[in-house]
Amino acid sequence: MRKFFCNYNSLSEKYELSLSKNMLFNPHVNVLAENTLLPEIKQCLQNIYDLTTLLKDKITNEEQLKILDNCELLTSNLFYSLFASPLNLTENNNQAQLTIKDYVVKCVEFASKIESIVNIPEYNRICVQLKNNYQNLLNQL
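All residue numbers for the sequence shown refer to the numbering used here, where the first residue is 19 and numbers rise by one.
Here it is in structure tokens:
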């Protein structure tokens, strides 16, 4: 697992995950922000994965299923790259019954959230691909 650092982006006025160390603030502030960013990224990726598995159960169109397979692969690769562990396989029986469109919109929101947090080009590209795939799926619905 790589070592990630938390940097403050003065343009967006938010903390971001980065590969370089920034000594602008007290190191305790950066570590504290990093301790809140990593669980947030982990939870968003897990939510995307869970929603994707729900969508795969509901969608029957072969082309849309290929997009979902690609999204599932990208999500699991990104998660493993960041955290050096696999995603949790969860039972989705307790999910509220939403429409397929609602699930896809949530996936787009989670992918956008991760994209705004991660400031590492190789990982950010995966986030953009995820977001674009879900957006294409949303446009097909």
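The beta-carbon is built from N, C-alpha and C at its ideal position, and this holds for glycine as well.
Since the structure is predicted, the reported quantities are computational estimates derived from the model, not experimental observations.
Beta-carbon separation (whole angstroms), residue i vs residue j, contact threshold 8 Å
i: I85; j: L159; result: Going by Cβ atoms, the distance from I85 to L159 rounds to 11 Å, so no, they are not a contact pair.
Among the options, the one whose alpha carbon lies nearest that of residue i
i: K119; options: N95, T54, L55, N157; result: N157
i: L107; options: L148, K149, E90; result: E90
i: D75; options: Q115, L148, S103, L55; result: Q115
Distance CB(residue i)-CB(residue j) smaller than 8 Å
i: Y141; j: L96; result: yes
i: V136; j: I59; result: yes
i: L92; j: I144; result: yes
i: L105; j: S94; result: yes
i: C62; j: I132; result: yes
Residue i (DSSP reduced to helix, strand or coil)
i: H46; result: Confidence in H46 is poor, its pLDDT being 44 and thus under 50, which makes the residue's placement too unreliable to answer from.
i: L159; result: coil
i: N150; result: helix
Would you be able to state if there are at least three C-beta pairs under 8 Å between the segment 123-130 and the segment 63-71?
yes
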